[in-house]
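Scroll down for the structure; my scribbles are underneath it.
2 protein chains.
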Amino acid sequence: MKETDHTIEAKILNAAENVFQRKGMDGARMQEIANEAGINKALLHYYFRSKQLLFEAVFKKAFSLLAPQLNKILNDDSSVEDKIKNFSFNYISFISEHPYLPNFIISELNRNPNFFLTIKEPHGFPRLDKFKKQVETDVEKGILKPIKAEQLFMNIIALNVFPFIGKPLIKSITNVDEETFNALLEERKTQVATFIIDAIKTR
Amino acid sequence: MKETDHTIEAKILNAAENVFQRKGMDGARMQEIANEAGINKALLHYYFRSKQLLFEAVFKKAFSLLAPQLNKILNDDSSVEDKIKNFSFNYISFISEHPYLPNFIISELNRNPNFFLTIKEPHGFPRLDKFKKQVETDVEKGILKPIKAEQLFMNIIALNVFPFIGKPLIKSITNVDEETFNALLEERKTQVATFIIDAIKTR
DNA sequence: GTCTATAGCCAGATAGAC
DNA sequence: GTCTATCTGGCTATAGAC
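Chains as they are written, first to last, in this note's numbering: chain A, 3 to 205; chain B, 3 to 205.
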């Protein structure tokens with residue numbers, strides 16, 4: 003079933019997505035989800051049995067959107083440099099369509115780090131292995147300065163994801179308005195990749 | 003009053019810190035705070051009137067710990083390079099003493115971005131101005147490659163803060179255990195600064 | 001399948017004894 | 001100031017009519 007289906011189940015899932023991603027598991031209210039879906043609260047339980055199960059459906063769907071993005075770094079066949087450029091360029095557009103997604107995933111994982119164990123089935127779950135070999139090879143060849151794949155991966159994710167998660171903090175400290183902040187993000191589409199590549203490439 | 007005071011008020015604040023920072027405003031329970039403080043639930047209300055006010059006290063205290071750290075980048079008199087080195091080196095130790103702090107601040111600000119407006123009094127609130135001038139001067143002098151202070155600041159914070167906030171996600175994807183993850187963090191004490199400086203320094 | 005009504009519980013807040 | 005007991009409201013979940 004596609005998420006754009008007009009079935010009740012899809013309506014509920016979309017409404018739940020909105021509410022859970024903005025308010026989190028603890029802050030979300032079944033009543034608000036029902037309202038947003040334009041149906042009755044009892045129907046939520048009919049389709050998903052409990053708040054917990056509805057939440058898990060939302061979380062899994064959210065992660066299934068994020069995973070392919072991460073896999074573009076980890077499992078593509080292009081060069082490290084190209085991966086960094088492409089990922090950094092595309093990530094902002096991706097997030098603009100799902101603005102609450104990074105914070106939702108990160109926050110809920112911190113609330114319950116064990117929750118991931120349930121999802122960690124092989125089904126497209128991002129794994130570092132291939133990227134790790136690629137980075138090691140490039141370092142051996144002298145294309146890249148010595149760096150562990152884990153560190154490089156952390157840096158790529160950090161530079162791309164953090165501006166969205168830390169937006170309220172950054173906006174306050176830099177004292178920029180919404181429009182200017184968005185312009186900074188737009189700049190980052192190319193600048194982040196340049197920044198990383200300048201940091202790791204041998205010359 | 004110092005936080006290490008053995009007054010009831012301090013005991014409550016410390017207990018509230020633990021619970022709120024781990025569970026968030028919505029997930030925290032007054033009963034749990036009372037238990038952790040070793041006192042009765044009614045006393046919480048006697049001292050802080052409401053959950054909301056107790057939460058705000060905790061949040062302000064948390065931010066008053068974080069602010070001086072940020073000001074080491076923004077308002078010190080040392081060079082940009084030295085600031086980056088010192089901040090990146092010290093930040094991990096700082097967080098080890100307050101492991102839930104970054105996630106707490108970020109999550110709660112996302113839950114309620116307006117909340118900052120209450121705190122944003124001049125009292126030591128981190129401001130970008132001085133750092134901005136410094137970066138602009140260094141760029142003009144040709145010491146640094148062209149980069150906006152806002153972007154550089156975002157990058158420094160992202161690279162240092164994200165590993166803590168994204169820890170459960172990163173651990174899953176890189177498939178490392180707690181011990182190895184901590185070793186990676188330890189490495190970052192020096193590697194992050196090198197990474198940033200390689201990215202921005204002209205040669 | 002979809003609704004209304006309500007059960008049952010739990011949490012924040014307060015009353016009032018000491 | 002500190003406690004026990006309790007009020008009150010709101011929330012998840014279910015029963016039961018249609």
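From the three backbone atoms N, C-alpha and C, an ideal C-beta is built for every residue, glycine too.
Same chain, Cβ closer than 6 Å to residue i, five either side skipped, listed in chain order
i, result
"Lys13 (chain B)", "Ala39"
"Tyr102 (chain B)", "Gln23, Arg24"
"Pro104 (chain A)", "Val163, Phe166, Ile167"
"Thr182 (chain B)", "none"
8 Å Cβ cutoff, residue i in contact with chain A
i, result
"Pro115 (chain B)", "yes"
"Gly26 (chain B)", "yes"
"Lys132 (chain B)", "no"
"Arg31 (chain B)", "no"
"Asp140 (chain B)", "no"
"Pro170 (chain B)", "yes"
"Ala16 (chain B)", "With the sequence shown as reference, residue 16 (chain B) is identified as Asn, and Ala is not the correct amino acid for it. Not one chain A Cβ lies under 8 Å of Asn16 (chain B)."
"Val137 (chain B)", "no"
"Asp79 (chain B)", "no"
"Phe118 (chain B)", "yes"
"Asp179 (chain B)", "no"
"Val21 (chain B)", "no"
"Leu56 (chain B)", "no"
"Glu152 (chain B)", "yes"
"Val60 (chain B)", "no"
"Lys63 (chain B)", "no"
"Pro128 (chain B)", "yes"
"Lys87 (chain B)", "no"
"Phe197 (chain B)", "yes"
C-beta neighbour in chain B for residue i, strict 8 Å
i, result
"Ile145 (chain A)", "no"
"Asn157 (chain A)", "yes"
"Glu2 (chain A)", "Residue numbering for chain A in the displayed model covers 3 to 205; residue 2 (chain A) lies beyond these limits and cannot be assessed."
"Ser90 (chain A)", "no"
"Asn184 (chain A)", "no"
"Asp200 (chain A)", "yes"
"Phe50 (chain A)", "no"
Contacting residues, own chain, Cβ-Cβ under 7 Å from residue i (five flanking each side not counted)
i, result
"Ser62 (chain B)", "Correcting the residue identity first, residue 62 (chain B) is Lys in this sequence and not Ser. Contacts found: Ile121."
"Leu56 (chain A)", "Ala18, Leu46, Phe50"
"Lys147 (chain B)", "Ile202, Thr204"
"Lys43 (chain B)", "Met32, Gln33, Ala36"
"Asp140 (chain A)", "Val82, Leu146"
Nearest-angstrom beta carbon gap, residue j and residue i [assumed within contact, 8 Å]
i, j, result
"Leu76 (chain A)", "Phe133 (chain A)", "5 Å"
"Ala64 (chain B)", "Phe117 (chain B)", "That pair is no contact at about 12 Å."
"Gly144 (chain A)", "Asp28 (chain B)", "Not quite, the Cβ-Cβ distance comes to about 51 Å (not below 8 Å), so this is no contact."
"His100 (chain A)", "Leu67 (chain A)", "6 Å"
"Pro128 (chain A)", "Ile175 (chain B)", "5 Å"
"Ala59 (chain B)", "Leu15 (chain B)", "6 Å"
8 Å CB neighbourhood of residue i in its chain, flanking five on each side removed
i, result
"Ser90 (chain B)", "Ile158, Leu161, Asn162, Arg190, Lys191, Thr192, Val194, Ala195, Ile198"
"Val137 (chain B)", "Val82, Leu146, Ile149, Lys150, Ala151, Leu154"
"Lys74 (chain B)", "Lys85, Asn88, Phe89, Asn92"
Notebook entry, point to check: Which runs of the alpha helix (DSSP H) fall wholly inside the stretch 107 to 155 of chain B and span at least 4 residues, in chain order?
Noted result: Listed in chain order, the complete alpha helix (DSSP H) runs (minimum 4 residues) inside the stretch 107 to 155 of chain B are 118 to 121, 131 to 143.
Next item on the list: Jot down the residue ranges of each uninterrupted alpha helix (DSSP H) in the stretch 30 to 58 of chain A, minimum 4 residues, whole runs only, in chain order.
Entry: Those alpha helix (DSSP H) runs which fall completely within the stretch 30 to 58 of chain A and span 4+ residues are 32 to 39, 43 to 50.
Notebook entry, point to check: When the Cβ atoms of the stretch 76 to 90 of chain A are set against those of the stretch 72 to 88 of chain B, are three or more pairs found closer than 8 Å?
Noted result: By the Cβ rule, the stretch 76 to 90 of chain A does not count as touching the stretch 72 to 88 of chain B, because fewer than three pairs are nearer than 8 Å.
Next item on the list: Would you be able to state if there are at least three C-beta pairs under 8 Å between the stretch 104 to 120 of chain A and the stretch 149 to 159 of chain B?
Entry: Counting C-beta pairs closer than 8 Å gives fewer than three between the stretch 149 to 159 of chain B and the stretch 104 to 120 of chain A, which falls short of the contact rule.
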